[in-house]
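Trainee: For the sequence shown, UniProt numbering puts the final residue at 210, and the numbers step up evenly by one.
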Amino acid sequence: MNIIKDASYNKNDFEVLERHYEYQGFVQVEKVSLRHRLFQQENYIQPIQRELIARKAAAGVLIYNDQQQKFALIEQFRIGAINDSTSPWQLEIIAGVLDGDESPEACIRREALEESGCEIQALQHLFSFYPSAGACSELFHLYVAEAELPKEGGVFGMMNEGENIQLHLINYADLSVLLTNGRLKNAPVIMALQWLQQHIHTVNVAREQT
């Protein structure tokens, strides 16, 4: 089996001909003219134009607790889901945008306090990925962390930033249903909960063997 370890080409194999901002607001939209190499050729594609949604890097964390047998998700209104057939209020992991030169870990600890009141110590990195590389520059850093969860959920967020966030504490026993009932519609939460499902299985097997 051939495992693809490296990209076929690198950043030296494309050329930006022109780029400028079309719009700068909550997000920025750039107009980019470029050309890049064709696969298995030395030639370049004819110049193409693309719109690039420029967003800062972001980080998110799934907080769970094996002793409490629970994990935390948040719910909030999302403009990207405004046309969703069910609801624009989405279930997500705790997450936020990196502030300046802030590290993903520092961002997560800050957001966890703001959105759940949880203090996080150890973090485990799962993946860093582009959620929508076809149009958006955002790089998302996904983590998990075991921490003490509050006894019940509540409403959190920075009201001066337009945040209105509800914290949900969900039992491990409800995880399988949540992964299959269609309620989850964003990549970080699905990836994190698939990891948690495997983690729970591994913990249960280890317990049975002792």
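C-beta atoms are modelled at their ideal positions from N, C-alpha and C, and glycine is treated no differently.
Measure the C-alpha to C-alpha separation of residue 100 and residue 206 and round it to an integer number of angstroms.
Mentor: If you number the sequence shown from 1, residue 100 lands on position 100. If you number the sequence shown from 1, residue 206 lands on position 206. Each residue's Cα considered, the two are about 42 Å apart.
Trainee: Can you give me the C-alpha to C-alpha distance between residue 173 and residue 105, rounded to a whole angstrom?
Mentor: On the sequence shown, position 173 is the one that residue 173 refers to. On the sequence shown, position 105 is the one that residue 105 refers to. Those two C-alpha atoms are separated by around 29 Å.
Trainee: Counting beta carbon pairs with one atom in the segment 141-155 and one in the segment 45-55, are three or more of them shorter than 8 Å?
Mentor: The segment 45-55, when compared against the segment 141-155, does not touch it at the 8 Å Cβ threshold.
Trainee: Take residue 163 and list the residues in its own chain whose beta-carbon comes closer than 6 Å to its own, dropping the five residues that flank it on each side.
Mentor: Here residue 163 corresponds to residue number 163 of the sequence shown, with the count starting at 1. Within the same chain, residue 163 has close Cβ partners 157.
Trainee: Note down the Cα distance separating residue 61 from residue 179, rounded to an integer number of angstroms.
Mentor: Taking the sequence shown and counting its residues from 1, one reaches residue 61 at position 61. Taking the sequence shown and counting its residues from 1, one reaches residue 179 at position 179. So the alpha carbons of these two residues sit roughly 17 Å apart.
Trainee: Have a look at 25, 75, 36, 66 and flag the residue whose alpha-carbon is nearest the alpha-carbon of residue 88.
Mentor: As a first step, residue 88 is located in the sequence shown; it is residue number 88 there, counting from the start. The shortest Cα separation from residue 88 among 25, 75, 36, 66 belongs to 75.
Trainee: Whole angstroms are fine: how far does the CA of residue 103 sit from the CA of residue 93?
Mentor: As a working mapping, residue 93 is identified with position 93 in the sequence shown. As a working mapping, residue 103 is identified with position 103 in the sequence shown. Distance between the alpha carbons of residue 93 and residue 103 is about 18 Å.
Trainee: As a quick exercise: from 39, 6, 11, 190, pick the residue whose alpha carbon is nearest that of residue 126.
Mentor: Here residue 126 is taken as the residue at index 126 of the sequence shown, counted from 1. Ranking the options by Cα distance to residue 126, first place goes to 190.
Trainee: Give me the DSSP bridge partner(s) of residue 138.
Mentor: Within the sequence shown, residue 138 is the residue found at index 138, counting from 1. None, per the DSSP bridge assignment.
Trainee: Residue 149 and residue 72 look like a contact to me (Cβ under 8 Å); what is the Cβ gap, rounded to whole Å?
Mentor: Within the sequence shown, numbered from 1, the residue matching residue 149 stands at position 149. Within the sequence shown, numbered from 1, the residue matching residue 72 stands at position 72. Going by Cβ atoms, the distance from residue 149 to residue 72 rounds to 6 Å, so yes, they are a contact pair.
Trainee: Quick one: residues in its chain with C-beta nearer than 8 Å to the C-beta of residue 43, no 5 flanking neighbours on either side, listed in chain order?
Mentor: If you number the sequence shown from 1, residue 43 lands on position 43. Around residue 43: 37.
Trainee: Within 10 angstroms of the Cβ of residue 4, are there 16 or more other Cβ atoms? Answer buried if so, exposed if not.
Mentor: The residue labelled residue 4 in the question sits at position 4 within the sequence shown. Exposed.
Trainee: Can you tell me the Cβ-Cβ gap for residue 168 and residue 57, rounded? I've got them flagged as a contact below 8 Å.
Mentor: Looking up residue 168 in the sequence shown gives position 168. Looking up residue 57 in the sequence shown gives position 57. So it is not a contact: roughly 26 Å between Cβ atoms.
Trainee: Please name the residue or residues paired with residue 127 in a DSSP beta bridge.
Mentor: As a position in the sequence shown, residue 127 is number 127, starting the count at 1. Residue 127 pairs with 142.
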